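Counting in our numbering, the sequence shown runs from 13 upward without gaps. Worksheet: the structure to be examined is printed underneath.
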Amino acid sequence: MAEVSSVCPHASFTLDQLRNQLELCQKALSRLSVQEQNPNSVISDALKAVETAIALSKQSFAENNQVKQKLEASEALLDSEMKKNAILLEELRNSHESLTSVGRLVDVLEASLKKSERQIEQSVEKMEHLSGGGLGGTTAAS
Numbered sequence: 013m014a015e016v017s018s019v020c021p022h023a024s025f026t027l028d029q030l031r032n033q034l035e036l037c038q039k040a041l042s043r044l045s046v047q048e049q050n051p052n053s054v055i056s057d058a059l060k061a062v063e064t065a066i067a068l069s070k071q072s073f074a075e076n077n078q079v080k081q082k083l084e085a086s087e088a089l090l091d092s093e094m095k096k097n098a099i100l101l102e103e104l105r106n107s108h109e110s111l112t113s114v115g116r117l118v119d120v121l122e123a124s125l126k127k128s129e130r131q132i133e134q135s136v137e138k139m140e141h142l143s144g145g146g147l148g149g150t151t152a153a154s
């Protein structure tokens, strides 16, 4: 009973109502054996209790169907959201891999650029050294 009331408090209330109606029916039937002088009244009371119990059961069944439909709709929505999240997660992973690749490419390009800058600086120094030495040599020869 505790499990039912924790999941659906209304269901436990309905179960309590059904239990009460069944108790009324049992009391009416026990009166039938004691008071045989007016059995129609006792039977009428028992039938009313049974009819009330049936009506409560039907109401509970209808409400349970509504809850079931809402639950199914929620499950479908949850499933749809999970699929969307899985797609977004895959896109995020792909983006991360792309960014990592771009980062590595940038590192390679920076290293290549630094190497090229050093080579250019060395070439400029050699040219300055050669042109300075060559001009000085030609000037000295003149």
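Think of the CB as a built atom: it goes at the ideal place given N, C-alpha and C, for glycine as much as any other residue. The structure displayed is predicted, hence computed values, not measured ones.
Whole-angstrom distance between residue j and residue i, CA atom to CA atom
i	j	result
Ser113	Glu87	39 Å
Lys70	Asp91	31 Å
Leu101	Lys95	10 Å
Ala40	Asn97	60 Å
Leu27	Lys60	17 Å
His108	Val120	18 Å
Ser128	Lys138	15 Å
Gln78	Asn32	25 Å
Pro51	Leu83	47 Å
Thr64	Phe73	14 Å
Arg116	Glu93	34 Å
Glu75	Gln81	10 Å
Glu122	Glu140	26 Å
Ser110	Glu133	34 Å
Leu104	Leu142	56 Å
CA nearest to the CA of residue i, picked from the options
i	options	result
Leu36	Pro51, Val62, Ser53 and Leu27	Val62
Ile66	Glu122, Gln81, Gln134 and Leu30	Leu30
Leu68	Gln38, Arg105, Leu34 and Ser143	Leu34
Close Cβ partners of residue i (< 8 Å) along its chain, the five nearest in sequence each way excluded
i	result
Lys126	none
Glu15	Below a pLDDT of 50, predicted positions are generally treated as unreliable, and Glu15, at 49, falls in that range; no measurement from the model is reported.
Exposed unless 16 or more other CB atoms sit within 10 angstroms - verdict on residue i
i	result
Gln131	exposed
Val136	exposed
Val54	buried
Ala85	exposed
Ala58	buried
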